[in-house]
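Please read the structure below before turning to the comments.
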Amino acid sequence: MKTLLFMLSGLLLALGATAQTKPAELLLLGTFHFHNPGADIVKTKSFDVLAPKAQAELETMTNRLSQWHPDKVFVEWDWNNQAELDALYTLYLGGQYEQAIQAKYPKPGQRDFYLKNEIIQLAFRTAKKAGLRRVYAFDYLKTTFPFDSVQKAMQQAHQEALQQRIGELFKKVEADQNRKLSTLSLTQLLLDFNTPASMRENKGAYLDLLNKAGSVESFAGPWLVSEWYRRNLYMFSVVQKTVEPTDQRVLVLAGSAHTAMIREFAQHDSRFQLKELKDVLK
């Protein structure tokens, strides 16, 4: 029996080695939200992505990204609403996008998302130049982010020092980002958002601070952290299950807090080999 199991194990390993394809290059492009909806805990200034200088930079960046020849582009859009993304990208491919948005959303506040969003400005532009017929949605929105519960748990546990550390971190991140938004070019900003230091900062607060929130009997902190991990794991799962064996290069565009997490997951998937943004834009 042991001999048979050993032979079967060897056969499965051999089949796995045969089926394994060359790893696809995976470029995780972490960004800030160009249209700045103010939905994040840390509040930052807006960046005028429609300004001529920013638009010129976007042309250069998307030229280089498209010349990298991505086979698939994924964006932070509800995976369950692919049809709407398809409709928008079809308009974009046909040169009718801006006209359609202006007609549908006459008020600036309504149309900002559709005109300024990084999905349109970066992903659609890159995908069109690369000759891609589709842009893929991969966000998963059916999770929670119960920060109010975490704050309440810290208050009940008298964790004043932890609350202070979290508050100081938020203030530091807000000040740093506002300074960079005021002084750096768009290209410099995106390169900065994708440095190892920025990625460590994006992930660190969850385990170093938020996971400790509450008394021993309370799991409000770990619950928030686990929900954040779950959302990003589900997002990465969509990428894993959508990428085909023939795909050689995959671009994933999302908020830098997401890409920092997804990078950790991708390092353990033999299907992917991480590609750095600085090497594509140089």
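With mature numbering (1 follows the signal peptide of the UniProt record, and there is no 0) applied, the sequence shown corresponds to residues -19 to -1, 1 to 263, in that order.
Even for Gly, the Cβ is constructed at its ideal location relative to N, Cα and C.
### Task
Give the straight-line distance between the Cα atoms of residue 107 and residue 93, rounded to the nearest whole angstrom.
Going by C-alpha positions, residue 107 is about 20 Å away from residue 93.
### Message
Please list the terminal residues of the continuous beta strand (DSSP E) segment that includes residue 254.
### Response
Where residue 254 is concerned, the enclosing beta strand (DSSP E) stretches over 253 to 256.
### Query
Is the CB-CB distance between residue 105 and residue 55 below 8 Å?
With contacts defined as CB atoms closer than 8 Å, residue 105 and residue 55 fail to qualify as a contacting pair.
### Task
Write down every uninterrupted run of the alpha helix (DSSP H) in the region 6 to 53 whose length is 4 residues or greater and which is fully enclosed by it, in chain order.
Runs found: 33 to 48.
### Query
Among 36, 239, 169, which residue has its Cα nearest to the Cα of residue 263?
The residue with the shortest Cα to Cα distance from residue 263 is 169.
### Query
In angstroms, rounded to a whole number, what distance separates the CA positions of residue 126 and residue 204?
In this structure, the alpha-carbon of residue 126 lies about 9 Å from that of residue 204.
### Distance, residue 95 Cα to residue 177 Cα
Those two C-alpha atoms are separated by around 30 Å.
### Query
Which value, in whole angstroms, describes the spacing of the CA atoms of residue -1 and residue 231?
With a pLDDT of 48 at residue -1, under the threshold of 50, the modelled position of this residue cannot be trusted; read the value that follows with caution. In a straight line, the C-alpha of residue -1 is about 20 Å away from that of residue 231.
### Per-residue DSSP class, three states only, for residue 157
DSSP, read as helix, strand or coil, puts residue 157 in helix.
### Query
Three-state secondary structure (DSSP) at residue 225?
Coil.
### Message
I'd like to know whether the C-beta atoms of residue 102 and residue 39 end up nearer to each other than 8 Å.
### Response
The beta carbons of residue 102 and residue 39 sit closer together than 8 Å.
### Message
Can you check which of these residues, 47, 72, 138, is closest to residue 199 by C-alpha distance?
### Response
Measuring from the Cα of residue 199, the nearest candidate turns out to be 138.
### Task
Going by DSSP, name the residue or residues bridged to residue 55.
Beta-bridge pairing links residue 55 to 117, 233.
### Task
Between the Cα of residue 32 and those of 220, 254, 97, spot the shortest distance and give me the residue it belongs to.
Comparing Cα positions, the closest option is 97.
### Test item: CB-CB of residue 49 and residue 261 under 8 Å
In contact: residue 49 and residue 261 (Cβ atoms closer than 8 Å).
### Nearest candidate by alpha-carbon position, reference residue 252, set 35, 28, 75, 224
Ranked by how close their Cα comes to the Cα of residue 252, the residues 35, 28, 75, 224 have 224 in first place.
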